[in-house]
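Structure record follows, encoded as structure tokens.
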Amino acid sequence: MRALPEKFEELERWLLRDRALLAQSTGVPFIRLVYRPEEEADCVRRRELLRRTVEGQGVKVQTVSCRDVIFGHYERRGRLEQLFQLEATAGPELGDNIAGHAAQELTTSLMQAVESLVSDGVVFLTDVAFLYPYLHLGPILDDCTNCIQPPMALAIFYPGEVNLEKRLMFLGVRPTSYYRTRDLI
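Residues 0 to 184, numbered by numbering that gives the first Met the number 0, are exactly what the sequence shown covers, in order.
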């Protein structure tokens, strides 16, 4: 994998100069910056600097964090403690239930961010590691395919590694399921 500063420089170029071209070859204006999980702190720092730079050039940025997506549905309903108790004894159907609610939460958050940008700007999707093990990002990106169009862009900050077979692995554990993003690896 390339060095993190190099990938951030390329991402800045795409977002400031070539955003309208992001969908060429892939069909979607989605760009995924892949970083090693151990680079999380550096990625967060660089992402904040990038956000300031992009906004300083007059491009609106909305950030959607995956941090609260998994349990937000249950927390708002006062059922989070009950969920944790069930988790110890429940089977795979509980994981499926959690995944279904989390997918809806994340899709809704992304769509709200897109609507607030009024057809131009960038959505940063952050804290993606918090989706594991319940949710795969691929179906969420499929849901957003026709909703995010150039000159808008979706920048995904993705903790991953490339395995020996040259396959991108989410958190180094699970194969990536979405193939249409422009990847900065």
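Note that the Cβ used here is the ideal one computed from N, Cα and C, for glycine as well.
Practice problem: Please find out if some non-hydrogen atom of the ligand ATP comes closer than 7 Å to the beta-carbon of Ala128. | Solution: The ligand ATP is not among the ligands present in this structure, which contains no ligands whatsoever.
Exercise. Put Glu86 into one of helix, strand or coil per three-state DSSP.
Key: helix
Quiz prompt | Spatial distance of Asp67 from Ser108 (CA atoms) | solution = 11 Å
Practice problem: Just the C-alpha distance for Glu114 and Gln148, rounded to the nearest angstrom, thanks. | Solution: 12 Å
Quiz prompt | CB contact flag (Leu183, Val33, <8 Å) | solution = yes
Quiz item: What did DSSP end up calling Gln61 once you bin it into helix, strand or coil?
Solution: strand
Self-check item: Nearest-angstrom Cα separation, counted from Cys146 out to Gly90
Solution: 35 Å
Quiz prompt | Segment contact flag, the region 8-26 with the region 53-62, C-beta cutoff 8 Å, min 3 pairs | solution = yes
Practice problem: Identify every run of the beta strand (DSSP E) within the region 110-141, keeping only runs that are complete inside it and at least 3 residues long; order them along the chain. | Solution: 121-125
Self-check item: Presumed contact (8 Å Cβ cut-off) between Leu27 and Thr106, rounded CB distance
Solution: Residue identity check: residue 27 is Val in the sequence provided, not Leu. Rounded, the Cβ-Cβ distance is 15 Å, inconsistent with contact.
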